[in-house]
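With this note's numbering applied, the sequence shown has no gaps in its numbers, which climb one by one up to 802 at the end.
What follows is a set of notes on a single structure, which appears directly below.
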Amino acid sequence: MLDEFYVEQTLHGYSNGHRLLQTSCKLPEQDGKKMLMLSDLSGNEFIGGFERYFTGYSLSDERIVLACTWYAEEMKRPGCVWTHSIIINAKDLACNSKMIAPAVISLFRRPESNSDLEEYRQTLKVQHCNEVEYDADNLKYLIWCIWGNKAPLVVFDDASTNLEIELIFLFLSQHDLLEENFAFCTGSFSLRGYDGKIMQFQIAPHKISRSKMLIGEKAFEATQKVVIKNYPLWVKKIYDNIEKDGMLTFRKFMQGFSEDFKHYDYLSSFIKLYVGAKADTNDTNLIKLLELAEAIFGDTKKICNEIMRLYGNQYFSDWLGTENYNEAISFFIKNAWLNTSAVDIKYWITQGYNSDFLGSKLLFKQILNQDEEYEVEVYLEAYADTISVEKFAEFTDLELEGCSTLISIRNKFALCEDIWKQGIGFQKRMVACLSKQKEFLDAEIIETILGISDYDLSLDLYAVYKNECFPIYWKYLLDPLKLKWIDGIKKVLKKD
Numbered sequence: 307m308l309d310e311f312y313v314e315q316t317l318h319g320y321s322n323g324h325r326l327l328q329t330s331c332k333l334p335e336q337d338g339k340k341m342l343m344l345s346d347l348s349g350n351e352f353i354g355g356f357e358r359y360f361t362g363y364s365l366s367d368e369r370i371v372l373a374c375t376w377y378a379e380e381m382k383r384p385g386c387v388w389t390h391s392i393i394i395n396a397k398d399l400a401c402n403s404k405m406i407a408p409a410v411i412s413l414f415r416r417p418e419s420n421s422d423l424e425e426y427r428q429t430l431k432v433q434h435c436n437e438v439e440y441d442a443d444n445l446k447y448l449i450w451c452i453w454g455n456k457a458p459l460v461v462f463d464d465a466s467t468n469l470e471i472e473l474i475f476l477f478l479s480q481h482d483l484l485e486e487n488f489a490f491c492t493g494s495f496s497l498r499g500y501d502g503k504i505m506q507f508q509i510a511p512h513k514i515s516r517s518k519m520l521i522g523e524k525a526f527e528a529t530q531k532v533v534i535k536n537y538p539l540w541v542k543k544i545y546d547n548i549e550k551d552g553m554l555t556f557r558k559f560m561q562g563f564s565e566d567f568k569h570y571d572y573l574s575s576f577i578k579l580y581v582g583a584k585a586d587t588n589d590t591n592l593i594k595l596l597e598l599a600e601a602i603f604g605d606t607k608k609i610c611n612e613i614m615r616l617y618g619n620q621y622f623s624d625w626l627g628t629e630n631y632n633e634a635i636s637f638f639i640k641n642a643w644l645n646t647s648a649v650d651i652k653y654w655i656t657q658g659y660n661s662d663f664l665g666s667k668l669l670f671k672q673i674l675n676q677d678e679e680y681e682v683e684v685y686l687e688a689y690a691d692t693i694s695v696e697k698f699a700e701f702t703d704l705e706l707e708g709c710s711t712l713i714s715i716r717n718k719f720a721l722c723e724d725i726w727k728q729g730i731g732f733q734k735r736m737v738a739c740l741s742k743q744k745e746f747l748d749a750e751i752i753e754t755i756l757g758i759s760d761y762d763l764s765l766d767l768y769a770v771y772k773n774e775c776f777p778i779y780w781k782y783l784l785d786p787l788k789l790k791w792i793d794g795i796k797k798v799l800k801k802d
């Protein structure tokens, strides 16, 4: 659906020189100069097939111009033209409807003479019109030309009309995704530009020499459409998203990124990210976004930290599927430059532990085996805060390194009874990992070990807890059922 809106118009033509003949609005001086220059003939001759052409460019105050130029063969002076220009507020183009191009094109009128130009003084209404079918090959070719090639780019063709409707559609409906101050001409007889800047996209007759268009010097020549057999996947995906909803959903995905990434050069990269990470099917997750961004974008650190920022603000919630927390943690560890806080890491490890226990176990073991170059302490702290005493044996498989690491961080894990059913060497290693904590926890740990272990660890415990052992050891000494450690306890109590 096309929302109706109003536009201004101007008419330029010959009257003792090329000049502004009529306008519906007062133009700022610089805009007036620009329109006067770009409304004149695009070269020093007209060539068959290019008797009419379109020009598109920007003005100040977020306005754009679409202009239609006709050769005025009725004028006695050679090289005269009529140029009818439509001035549009860019905000009125947000509809992205397929009707936009035919609706605006329908406003153009070629004057019959200089005698009656009053109609060009009126503000015009852009109204509903029939939707047109755009040529898919033309659209893909233009997508590839504009967003996939170096500019300024020149397409050599045999008529100005071959790509006209699709180019105007892209210019109007995707204007905000084009290069800032993007300009085009469908009938350039010489390389066109304004204020020292060459128009980014121009169509020129085959008859014009490459040297005249400064190919290889100031401009690049586009590969002819007939030569291209297949387009890159990102071209097809942009086309698909234009067909789907005019790129509205993609715009929503892209709009949260900082201004540094809103340059037209990034469009193909963002469509690759959007589709490749499955955001277009609402099945993305953080690891897909990060890994693909790392592969696609040149400045890996900048884009990945941008994604982390947006993810932390729940920006991607509309596009998320199932999150793979453990894979994301692995990515964090290998890329320590990511802006991740201890709180972030604790959240991801907790979620990974709760959603994929076996995967979390495997990742924990991998972290223990990381090279020294990786800083893993904050991750181990997070695991120690997340794992329960009840799950400790299952999580660590009672392997020496995992158990000793976690007990060193959090002595509470010494309350896991299965530890004290292992061999004497293993148990002594675990006691060596202990340190004085809160008195009630220390007492609980001592009593757990005394009650479960078949080995006399009384001297080992005393080396850690000192005088805290005395009241517990006295209790054990006086209990005839708990005399398996009697020799060691007696030695300690002699110190009391």
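Even glycine gets a Cβ: it sits at the ideal position worked out from N, Cα and C.
The DSSP-derived three-state label of Cys739 is coil.
Its Cα nearest to that of Leu478, the residue Tyr363 stands out among Asp677, Tyr363, Lys584.
The beta carbon of Cys435 is closer than 8 angstroms to those of Leu308, Met405, Pro408, Ala409, Ser412 in its chain, skipping five residues each way along the sequence. Contact between Ile577 and Leu595 does not hold, since the beta-carbon distance rounds to 14 angstroms and is not under 8 angstroms.
Around the beta carbon of Lys431, fewer than 16 other beta carbons sit within 10 angstroms, so the residue counts as exposed.
Annotation: Ile544 to Asn641 spans about 31 angstroms, alpha carbon to alpha carbon. Around the beta carbon of Asn591, 16 or more other beta carbons sit within 10 angstroms, so the residue counts as buried. The residue among Tyr570, Lys535, Asp546 with its C-alpha nearest the C-alpha of Asp586 is Asp546. Considering only Glu707, Ser714, Asp677, the residue with the shortest C-alpha distance to Asp691 is Ser714.
Close CB contacts of Phe603 within its chain, under the 6 angstroms cut and outside five residues either way in sequence, are with Ser575, Ile609 (chain order). Pairwise C-beta distances place the region 376–393 in contact with the region 315–326, as three or more of them are shorter than 8 angstroms. Scanning its chain for C-beta atoms nearer than 6 angstroms, with the 5 sequence neighbours on each side dropped, one finds around Phe356 the residues Ser466, Gly493, Pro511, in chain order. Between Glu633 and Ile593, the CB-CB gap stays under 7 angstroms.
Judged by DSSP in its simplified three-state form, Trp643 adopts coil rather than helix or strand. Contact annotation: the region 347–355 does not touch the region 438–446, with fewer than three C-beta pairs closer than 8 angstroms. Pro777 is classed as exposed because its beta carbon has fewer than 16 other beta carbons within 10 Å across all chains shown. By the criterion of at least three beta-carbon pairs nearer than 8 angstroms, the region 445–462 is not in contact with the region 319–335.
The criterion of a C-beta distance shorter than 7 angstroms is not satisfied by Asp463 and Ile514.
As the crow flies, the alpha-carbon of Lys542 is around 30 angstroms from that of Arg369. Per the C-alpha coordinates, the member of Leu756, Gly757, Ile752 positioned closest to Tyr771 is Ile752. The region 541–618 is shown to contain whole alpha helix (DSSP H) runs of 4 or more residues at 554–561, 573–582, 592–602, 606–618, in chain order.
Across the structure, Cys739 and Asn588 are spaced so that their CA atoms are roughly 47 angstroms apart. Excluding residues up to 5 positions away in sequence, Asn632 lie with their Cβ nearer than 6 angstroms to the Cβ of Gly665 in the same chain.
For Thr711, the enclosing alpha helix (DSSP H) has its first and last residue at 706–715. Leu344 sits close to Thr361, with the two beta carbons spaced by under 7 angstroms. Between the alpha carbons of Gln743 and Leu783 lies a gap of roughly 24 angstroms. Cβ neighbours of Lys667 within its own chain (closer than 6 angstroms, five residues either side excluded): Phe701. Shown here, Gln728 sits in coil according to DSSP, grouped into three states, outside any helix or strand. When beta bridges are read from the DSSP output, Phe311 appears opposite Val432. Residue range 745–758 is occupied by the alpha helix (DSSP H) that includes Leu747.
For Gln508, the enclosing beta strand (DSSP E) covers residues 507–511. Looking at the DSSP output, His318 sits in a beta bridge with Leu326, Thr389.
The residues Tyr680, in chain order, have a CB closer than 6 angstroms to that of Ile639 in the same chain once the five nearest residues on each side in sequence are set aside. Taking all protein chains shown into account, Ile693 has 16 or more neighbouring C-beta atoms within 10 Å of its C-beta and is therefore buried. For Trp376, there is no enclosing alpha helix (DSSP H); the enclosing beta strand (DSSP E) covers residues 369–377. When DSSP assignments are scanned along the region 662–689, the uninterrupted stretches of alpha helix (DSSP H) that are 4 or more residues long and fall wholly within it turn out to be 663–674.
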